[in-house]
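Novice: Next up is a structure, given as structure tokens.
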Amino acid sequence: MTNYELMFVIDPTLEDEKKAATVEAVKGIIEADGTVGEVDEWGLRKLAYPIQKKNEGYYVVVTFQASPELPKELDRRLKISDAVIRHMIINKDVK
């Protein structure tokens, strides 16, 4: 199992229930083939530059352990999600 960190930005115009559902969906994808560590919801923050004409985003950071195949599937699903406007997956074991 490899250690990873995922940061994703959720569309700030979504209702709180849909934001929570998006976080739970991401955790469900990870739990299918790995283990979820800490989930840190940073909340609404200003973006460095406008994305889809939005200046703010709801930031979430998730640490997890998984096999090397899971980040590819997670990346694919986050790219097609309408709720997630940006994401980044980092392998924490690489020096």
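The sequence shown maps to residues 267 to 361 in my numbering.
We put the CB at the ideal spot given by N, CA and C, even for glycine.
Computed from a predicted model, the values in this text were never measured in an experiment.
(1) Using a Cβ-Cβ cut-off of 6 Å (strictly less than) and excluding sequence neighbours within five positions of Ile296, which residues of its own chain qualify?
(2) Considering only DSSP beta bridges, list what Thr301 is partnered with.
(3) Assuming Ile356 contacts Asp341 (C-beta within less than 8 Å), just tell me the rounded distance between them.
(4) Could you tell me the distance, in whole angstroms, from the CA atom of Gly300 to the CA atom of Pro337?
(5) Tell whether a beta-carbon distance below 8 Å holds between Val328 and Thr288.
Specialist: To lay it out plainly:
(1) If we look at Ile296 and ignore the five residues flanking it on each side, its Cβ neighbours are Val302, Phe330.
(2) Here Thr301 is bridged, per DSSP, to Gln331.
(3) Under the criterion of beta carbons closer than 8 Å, Ile356 and Asp341 do not qualify as touching, at roughly 12 Å.
(4) Just so you know, the alpha carbons of Gly300 and Pro337 end up roughly 10 Å apart.
(5) No, the Cβ-Cβ distance between Val328 and Thr288 is not below 8 Å.
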